[in-house]
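Each residue of the sequence shown is one higher than the one before, starting from 1 at the first, in the numbering used here.
From the three backbone atoms N, C-alpha and C, an ideal C-beta is built for every residue, glycine too.
These numbers were taken from a predicted model, which means no experiment stands behind them.
The next block holds one structure in the form of structure tokens; read it before the comments.
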Amino acid sequence: MKKQVLSLFALLLTVGMYAQKSGQDIFWDTLSKHCGKAYEGAITSEGKNEDFDGKRLVMHVKTCTDNEFKIPFFVGDDKSRTWVLTKYEDGILLKHDHRNP
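Set out below in structure tokens:
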């Protein structure tokens, strides 16, 4: 009986820990699994965008810490863009660091 009570307690404790994860924590944990990986994309809108049309688009989840991700975004040979996500207790801030090439 004592074993069953301990098992039930452990199960409830585990369920409680997952129930308390916020949406931002789930997002952050999921993004962290992509650290070190790069992904190629494409423009899907019908509008013209001379900066992006016909160019290779690549994002690289490169720098990952407990509170910050730096994700360089390459448009063809232009490597001047970086997305910076910073985690705070009350949310996640997205900044776009754009340096002149």
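- For D66, no beta strand (DSSP E) segment is defined, and its DSSP state is neither H nor E.
- Excluding sequence positions up to five before and after G41, its CB lies within less than 6 angstroms of the CB of L57, all in the same chain and listed in chain order.
- Looking at the DSSP output, K95 bridges to V84.
- In this structure, the CA atom of E68 is about 11 angstroms from the CA atom of L31.
- For T65, the number of other beta carbons within 10 angstroms of its own is below 16, and it is reported as exposed.
- Checking the DSSP bridge columns, you'll see G41 partnered with L57.
- Taking C-beta separations shorter than 6 angstroms and ignoring five residues to either side along the sequence, the partners of R81 in its chain run F73 and H98, following chain order.
- According to the DSSP secondary-structure assignment, D78 is paired through a beta bridge with V75.
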